[in-house]
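Position one of the sequence shown corresponds to residue 1 (full-length UniProt numbering), numbered consecutively onward. All C-beta atoms, glycine included, are put in the ideal place defined by N, C-alpha and C.
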Amino acid sequence: MPANPVSALRQDAAAIRGDFQKAMVSVNVEKLNNARSKRK
Numbered sequence: 001m002p003a004n005p006v007s008a009l010r011q012d013a014a015a016i017r018g019d020f021q022k023a024m025v026s027v028n029v030e031k032l033n034n035a036r037s038k039r040k
């Protein structure tokens with residue numbers, strides 16, 4: 001456990017935000033791929 005709980009919370013929030021952004025990107029990529037396959 002770090003000495004500063006606030007910095008630990010900030011690190012957790014940053015990690016969660018990063019995971020969320022990665023998830024959003026993967027969802028957007030899937031949507032683009034689906035749209036491309038429908039055009040063919």
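| field | Length of the line joining the Cα atoms of Ser26 and Leu32 | value | 10 Å
| message | Please report the straight-line C-alpha distance between Ala23 and Ala3, rounded to a whole angstrom. | response | 31 Å
| request: Check Asn34 in the structure and name its three-state DSSP category. | output: helix
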